[in-house]
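*Asks:* The sequence shown runs -3 to 753 under this note's numbering.
A virtual CB, placed ideally from N, CA and C, is assigned to each residue, including glycine.
One structure is given below, represented as structure tokens, and several questions about it will come after.
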Amino acid sequence: GAERRYGTIAPVTRDRLEHELAIIGQKGFADYFLVVHDIVQHGPTHCGRGSVANSIVSYALGITHVDPLGAGLLFERFLNPERKDPPDVDLDFPWDERDQILAWVFRRYPMPRAAMVSNHNCFRLRGALREVAKVHGRPAGEIREVTRRFPWFMEKQSLEEVLTTHPNFQGLELPAAWQGFARQAQPLVGVPRHLSLHPGGVVIVPGALTDYVPVEPAARELDGHPDLTVPVIQFEKDGAEDAGLVKIDLLGNRSLAVIRDAIESVRASTGRQIDYTADDPDDDEATKTLFRTGQTMGVFYTESPASRLLCAKSRADSFELLVLNTSIIRPASNRFIRLYLERLHGGSYEPLDLSLRDTLAETFGVMVYQEDVVNVCAAFAGMPLAVGDGVRKALSKKRPVKQLAAYAEDFFAGAVALGRDPEVAAKVWEMILSFAGYSFCKGHSCSYIKVAQHACYLRAHYPAEFIAAVLANGGGFYRPFAYVAEALRMGLTVRPPDVNASAERTSGVGQEVRVGLQYISGLSRHGVERLTAARAEGEFGSLADLRARTALAHDDLRLLAKVGALDGIAQAMTRPMLLWAIDTLPDSRRKSDGNLLPDDRPTGRQAVQPPVLREYTTERRRQVEYELLGFTTDGHPMELYRQVMARFRIVRSTELAHHVGKTVLCAGLLTTAKPVHTVNDEPMEFATFDDGTGLIEGVLFPGIYRSRGHVLFDQGPFLLRGKVEEEFGAVTLTVTGLDRLERVAAAPAKRVVPPAS
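In structure tokens, the structure reads:
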């Protein structure tokens, strides 16, 4: 394995291998590594992540794809002689292959040798309120309307507080009974509800699991393996660890499926076979250009608004800077990000303390990685590495207050003993606390940036195949319409579904993306299967030919006609004429399972020639596409609102850079939103809008979020008022007014701006 990775094994490589193998043998984990190696052979497009990426043995075995020597990763972060708890290995596989991997594991290591780890699910705010409302007989629609507004991670507030104060509930008139439901549901919060499966945790033992833990059959059925019982232990991950079991996480990753599918499309269309495990796009200029300009929609780990903005601000294009960028983004880290950017772009700085100069040199004096917590505690406060690692672990817990209080005493006592300035010590501890609940080891980010580089390479050189793969796998961070809009901005042609050209999944080749049947809302699964099976025997020549060979349901035929999938076999008929013809076809009414209804026996009656009906206007065609596909294929959905927008002096996304410091009006569809909390624990939100020319990165600070945040509960479109800000070359909009575009347009003529806080 090492020879395959390195070619010639240098002395430093051999020394590292021997060092790791000695510790692995000493700790009794040799079999564990071999089992993991066995598993990854059955999923070549995989990604080993987390601290296992720090191991050169993992790299040689093909478990991970990051050279730990080149990345400066220490093996001891993963495994060391003093470590009491067992390490675990996190393996990502394409999301649609995960069940196959699990099935292979359970057949290779049958009961009672292998099982999944359980989760002990407890009631949270949303679930507790939902159950109480159901008991009181409230309508399902009403319950859904209330509970969908619950923000995630709001456990600090009571149910009554959320219902009465959170921005999501502003403007919603709740029946008085809901306050009573909230009081009744509050005691349920935190109460165990049921056993469920861990997202990917699997334990394997040489003998019988029942010697260590209780095991039961899970209700879950693996896709494609209905005969296989999935066993689950009754202990959750911490209990499994306490029982002496070592967990392997087998997780699904959508972006790995995107890379796999794009590589296969490239091979099919060009004959070129890209090797995911060997090809290294690190020095590819086109790939680097996309990273440094933040053009990374669809690119794993770097496509979120925060990541794209930071890429543009830092102009990061090297592996090292990309790893740093994606690790520094975490809640409450804005101040540290600004310091990092200033220093990255040449600003001089002195470390908070001279003891930290070398420790944080790689990250410009800012703590970024989990390893930095351990090293800073040691260098600044003289804490043993094992104790520093305890601080790191405490920060990763949901409620680390008590543990951190004890560690804080040790930290400040150690700092005083070494003569550190108390004010500086407080600042260093504050920087450590910024990791609470969210941080990664460096090896994790290294692994994910390798995946991101592969994805970005495909986007740069094979854009149609890449965007098609993103859409085929259901999109990514954004809604599908945003990826279609991005494809059009990239100069690609997007074709609507076609019964003779579309597969079930979206496909791409050259400069063209063909929307798959998967995106036609309401098209039955049975209909898709019948259509693709019949087409395998030859293309359809007409509507009559299609119907005769597929026996598609009446509703399916209408959907295909509306969206344009029958245009290629219309034989000069317009879409309205096709719909008329479908409605008058003999025997065309069918059940969703394809069987004839009792009164649908053939009669021999001939189809009636449809009257001449006009084709849809461009606007009508786009409206139907938007309703059935969720996007339009030859334009942007915002074009449907052109007349409404004409009432306002709208500034486009591409023009915002020319209006820095000014207050402007923008309009767009919501593509993604992320609620966060300020350092003062006030809710705010980052929201991204697409206006057809590009993306508008909006910031809703607490005031406007409290008063208008509830408006952002669907796709829009929205009219925004805000101040254009620029930082390190990246442009954002600080939103001061917000409403639905149609609502503002319907208001009296004197009202030309959305309401503000």
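Once the 5 residues before and after Y345 are set aside, which same chain residues still bring their CB inside 8 Å of it?
*Replies:* The residues are L335, E338, R339, F360, G361.
*Asks:* Inspect the beta-carbon positions of V424 and A464 and report whether they are closer than 7 Å.
*Replies:* Their beta carbons are not under 7 Å apart, which means V424 does not touch A464 by this criterion.
*Asks:* So A110 is in the beta strand (DSSP E); what residue range does that whole segment cover?
*Replies:* 110 to 118 is the span of the beta strand (DSSP E), which, as asked, contains A110.
*Asks:* Where DSSP assigns a beta bridge to A43, which residues make up the other side?
*Replies:* Sequence check: residue 43 is Cys here, not Ala. D88, per the DSSP bridge assignment.
*Asks:* Quick check: the segment 226 to 237 against the segment 197 to 213, are at least 3 beta-carbon pairs closer than 8 Å?
*Replies:* Yes, the segment 197 to 213 is in contact with the segment 226 to 237.
*Asks:* Evaluate K393 with the Cβ neighbour count: other Cβ atoms within 10 Å of its Cβ, from every protein chain shown; 16 or more gives buried, anything less gives exposed.
*Replies:* By the neighbour-count rule (16 or more Cβ atoms within 10 Å), K393 is not buried but exposed.
*Asks:* Are there 16 or more other CB atoms within 10 angstroms of the CB of A409, so buried, or fewer, so exposed?
*Replies:* By the 10 Å Cβ count, A409 comes out exposed.
*Asks:* I'd like to confirm the pairing. Which residues does DSSP put opposite H673 in its beta bridges?
*Replies:* In DSSP, H673 forms a bridge with P679.
*Asks:* Report the option in L715, K719, V608 whose CA atom is closest to the CA atom of V640.
*Replies:* Looking at the Cα atoms, L715 is the closest of the given residues.
*Asks:* Per DSSP, which one or two residues make a beta bridge with H221?
*Replies:* Its beta-bridge partners are L218.
*Asks:* Report the residue ranges of all beta strand (DSSP E) runs contained in full by the segment 167 to 218; include only those spanning at least 3 residues, in chain order.
*Replies:* 188 to 200, 211 to 213, all fully within the segment 167 to 218.
*Asks:* Helix or strand or just coil, what does DSSP make of T650?
*Replies:* The answer is helix: DSSP assigns T650 an H, G or I state.
*Asks:* Assuming the contact rule is C-beta atoms closer than 8 Å, G657 and V720 should be a hit. Round their C-beta distance to whole Å, please.
*Replies:* With a Cβ gap of about 7 Å, G657 and V720 count as contacting.
*Asks:* Going straight from the alpha carbon of F74 to that of R103, what length do you get?
*Replies:* Roughly 29 Å separates the two Cα atoms.
*Asks:* Apply the 10 Å Cβ neighbour rule to D223 and answer buried if 16 or more other Cβ atoms are within range, or exposed otherwise.
*Replies:* Exposed, since its Cβ has fewer than 16 Cβ neighbours within 10 Å.
*Asks:* For the segment 358 to 439, list the alpha helix (DSSP H) runs that are entirely contained and at least 4 residues long, ordered along the chain.
*Replies:* Counting whole runs of 4 or more residues, the segment 358 to 439 contains the alpha helix (DSSP H) stretches 366 to 377, 381 to 391, 397 to 413, 418 to 429.
*Asks:* So, at 7 Å on beta carbons, what are the nonlocal neighbours of V262 in its own chain, with the 5 sequence-adjacent residues on each side left out?
*Replies:* R268, I270, Y458, E461.
*Asks:* Give the secondary structure of A468 by DSSP, where H, G and I count as helix, E and B as strand, and everything else as coil.
*Replies:* A468 falls in the helix class under three-state DSSP.
*Asks:* Using the three-state DSSP reduction, which class does S794 fall into: helix, strand or coil?
*Replies:* No information on residue 794 is available, as it lies outside the stretch -3 to 753 that the chain covers here.
*Asks:* Which residues in the same chain have their Cβ closer than 8 Å to the Cβ of R189, if we skip the five residues on either side of it in sequence?
*Replies:* N117, C118, F119, G123, listed in sequence order.
*Asks:* Can you tell me which of L555, R521, L467 puts its alpha carbon nearest to the alpha carbon of D494?
*Replies:* Of the candidates L555, R521, L467, the one whose C-alpha sits nearest the C-alpha of D494 is L555.
*Asks:* For L454, does the three-state DSSP call read helix, strand or coil?
*Replies:* DSSP places L454 in helix when its eight states are reduced to three.
*Asks:* Closer than 7 Å by C-beta to L57: which residues in its own chain qualify, once you throw out the five before and the five after it? Chain order, please.
*Replies:* Correct list, in chain order: G(-3), F29, H33.
*Asks:* Just to confirm the assignment, what range does the alpha helix (DSSP H) spanning E157 have?
*Replies:* Per DSSP, E157 belongs to the alpha helix (DSSP H) from 155 to 161.
*Asks:* Quick one, which of G46, L318, Q619 has its alpha-carbon nearest T285's?
*Replies:* When each option's Cα is compared against that of T285, the closest is L318.
*Asks:* Tell me which residues share the same chain as L737 and place their Cβ nearer than 8 Å to its Cβ, disregarding the 5 neighbours each side in the sequence.
*Replies:* The answer, listed in chain order, is Y637, V640, M641, A663, G712, P713, F714, L715.
*Asks:* For D86, I'd like the list of residues in its chain whose CB is within less than 6 Å of its CB, leaving aside the five on either flank, ordered along the chain.
*Replies:* Correct list, in chain order: R45, G46, D245.
*Asks:* Quick check on DSSP: helix, strand or coil for A663?
*Replies:* The answer is strand: DSSP assigns A663 an E or B state.
*Asks:* If the criterion is Cβ atoms closer than 7 Å, does the pair I700 and V731 meet it?
*Replies:* Cβ distance < 7 Å, so I700 and V731 count as in contact.
*Asks:* Nearest to L305 by CA position, among F315, D279, D278, I333, is which residue?
*Replies:* Considering only alpha carbons, the answer is I333.
*Asks:* Would N676 be called buried (16 or more neighbouring beta carbons within 10 Å of its own) or exposed?
*Replies:* Exposed, since its Cβ has fewer than 16 Cβ neighbours within 10 Å.
*Asks:* Whole angstroms is fine: what's the gap from E93's alpha carbon to R250's?
*Replies:* Taking the straight line from one Cα to the other gives about 10 Å.
*Asks:* According to DSSP, is S520 part of a helix, a strand, or is it coil?
*Replies:* S520 falls in the coil class under three-state DSSP.
*Asks:* Roughly how many angstroms lie between the CA atoms of A312 and L665, to the nearest whole one?
*Replies:* Distance between the alpha carbons of A312 and L665 is about 29 Å.
*Asks:* What would DSSP say about A568, mapped onto helix, strand or coil?
*Replies:* In this structure, A568 counts as coil in the three-state DSSP scheme.
*Asks:* Quick check on DSSP: helix, strand or coil for D275?
*Replies:* Three-state result, D275: coil.
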